[in-house]
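**Q** I'd like to ask some things about the structure below.
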Amino acid sequence: MSVPWHRYADPRQAAEATAKHILSLIEEAMASSAQATLAVSGGSSPRAMFEFFAKTQFPWERVELFWVDERAVAPTDPQSNYKLANDTWLEPGSFPRRNIHRIAAELPPGTAAVMYAEEIRAYFKLADGEMPRFDVIHRGMGPDCHTASLFPGEPLLDDREGLAAAVWVEKMNQWRITLLPGVLLAARNTVMLVTGGDKARPVHDALLGPYDVKRCPAQIGSRDGQPVTWFLDAAAAAEMDRC
Numbered sequence: 020m021s022v023p024w025h026r027y028a029d030p031r032q033a034a035e036a037t038a039k040h041i042l043s044l045i046e047e048a049m050a051s052s053a054q055a056t057l058a059v060s061g062g063s064s065p066r067a068m069f070e071f072f073a074k075t076q077f078p079w080e081r082v083e084l085f086w087v088d089e090r091a092v093a094p095t096d097p098q099s100n101y102k103l104a105n106d107t108w109l110e111p112g113s114f115p116r117r118n119i120h121r122i123a124a125e126l127p128p129g130t131a132a133v134m135y136a137e138e139i140r141a142y143f144k145l146a147d148g149e150m151p152r153f154d155v156i157h158r159g160m161g162p163d164c165h166t167a168s169l170f171p172g173e174p175l176l177d178d179r180e181g182l183a184a185a186v187w188v189e190k191m192n193q194w195r196i197t198l199l200p201g202v203l204l205a206a207r208n209t210v211m212l213v214t215g216g217d218k219a220r221p222v223h224d225a226l227l228g229p230y231d232v233k234r235c236p237a238q239i240g241s242r243d244g245q246p247v248t249w250f251l252d253a254a255a256a257a258e259m260d261r262c
């Protein structure tokens, strides 16, 4: 199955194209629902995407904002995914605070994961065993092919029933809280933003290599018939250009 991907000259162009695509998907969702749901990721790549959101006139009061994952730190910590979004988008863009569903990552990781799962379950009014259907999930990918906070070899990659979990990331010496594969697979739309030359080979492997989410978690959804679109800068797409 061919996975749609787009290449842009630099990280900012890729991020702004991603932002425009996400806004178009949200508008589609709002055509049939009073509120649209969006889950975003952290890392360095989405900064320009958030900055684009901040300067865009948009009915944010109709968007419910969640996070794909979070580091187990306070919301004021420089490592916080929430802080990145808050500083570059939510505060300057006057995003409605009542629509923000952040992960309470300053709490013990297990507690934060349970609370986040409960908040998702309550917002989406889920029955037992039911998955939320986010209108848009924005994800990234690390040089090791991880996505969300699901790293290669993580046992939770087999979990299709849970909503969120605390994950110990040995290589980072850090706890994280992450959405689980069942939630990622249930998204109505997934948008991948990947930039940087250190992602070139992983991008190639994720899109064209053998399908093995235990080895490359970023493949989640891309070979499952899910609506997943990748946005790459020239450096991240370098290996794709040679195909």
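Our numbering applies: residue 20 is where the sequence shown begins, and numbers increase by one. Note that CB positions come from ideal geometry on N, CA and C, so glycine has one too.
Assuming alanine 340 contacts histidine 165 (C-beta within less than 8 Å), just tell me the rounded distance between them.
**A** What is shown of the chain runs 20 to 262, which leaves residue 340 out entirely.
**Q** When DSSP builds the beta bridges, which residues end up paired with glutamine 193?
**A** If you number the sequence shown from 1, residue 193 lands on position 174. BP columns for glutamine 193 point to Val188.
**Q** Within the same chain, show all residues whose beta-carbon is closer than 6 Å to that of phenylalanine 250, passing over the 5 residues directly before and after it, in chain order.
**A** Counting from one through the sequence shown, the residue named residue 250 turns up at place 231. The beta carbon of phenylalanine 250 sits closer than 6 Å to those of His25, Ala33, Ala36, Thr37 and Leu212, all from its chain and outside the five residues before and after it, given in chain order.
**Q** Considering only their Cβ atoms, is the gap separating serine 168 from valine 155 smaller than 8 Å?
**A** As a first step, residue 155 is located in the sequence shown; it is residue number 136 there, counting from the start. As a first step, residue 168 is located in the sequence shown; it is residue number 149 there, counting from the start. For valine 155 and serine 168, no; Cβs fall outside 8 Å.
**Q** The beta strand (DSSP E) spanning methionine 211 covers which residue range?
**A** The residue you call residue 211 lines up with position 192 of the sequence shown. Note, methionine 211: beta strand (DSSP E), 209 to 213.
**Q** Measuring only the C-alpha atoms, how far is isoleucine 75 from glutamate 137?
**A** Taking the sequence shown and counting its residues from 1, the one referred to as residue 75 is at position 56. Taking the sequence shown and counting its residues from 1, the one referred to as residue 137 is at position 118. According to the sequence displayed, residue 75 carries threonine and not isoleucine. Those two C-alpha atoms are separated by around 31 Å.
**Q** How do the stretch 134 to 153 and the stretch 228 to 242 stand: do at least 3 beta-carbon pairs fall below 8 Å, yes or no?
**A** no
**Q** In whole angstroms, what is the alpha-carbon distance linking alanine 124 and valine 92?
**A** Counting from 1 along the sequence shown, the entry for residue 124 is found at position 105. Counting from 1 along the sequence shown, the entry for residue 92 is found at position 73. Answer to the nearest angstrom: the Cα atoms are 6 Å apart.
**Q** With distance defined between alpha-carbon atoms, name the residue in Arg195, Met68, Pro171 and Gly201 nearest to leucine 182.
**A** The count along the sequence shown starts at 1 and reaches residue 182 at position 163. Of Arg195, Met68, Pro171 and Gly201, the residue nearest in Cα terms is Gly201.
**Q** Determine whether the beta carbon atoms of phenylalanine 170 and aspartate 163 lie at a separation below 8 Å.
**A** Taking the first residue of the sequence shown as 1, we reach residue 170 at position 151. Taking the first residue of the sequence shown as 1, we reach residue 163 at position 144. In this structure, aspartate 163 lies closer than 8 Å to phenylalanine 170 by Cβ.
**Q** Start and end of the alpha helix (DSSP H) containing arginine 31?
**A** Indexing the sequence shown from 1 puts residue 31 at position 12. 30 to 49 is the extent of the alpha helix (DSSP H) around arginine 31.
**Q** Give me whichever residues DSSP pairs with alanine 183 in a beta bridge.
**A** Residue numbering aside, residue 183 sits at position 164 when the sequence shown is read from its first letter. Its beta-bridge partners are Leu198.
**Q** Look at the Cβ atom of tyrosine 101, then the Cβ atom of glutamate 89, and state whether they are nearer than 8 Å.
**A** Within the sequence shown, the letter at position 82 stands for residue 101. Within the sequence shown, the letter at position 70 stands for residue 89. In this structure, glutamate 89 lies closer than 8 Å to tyrosine 101 by Cβ.
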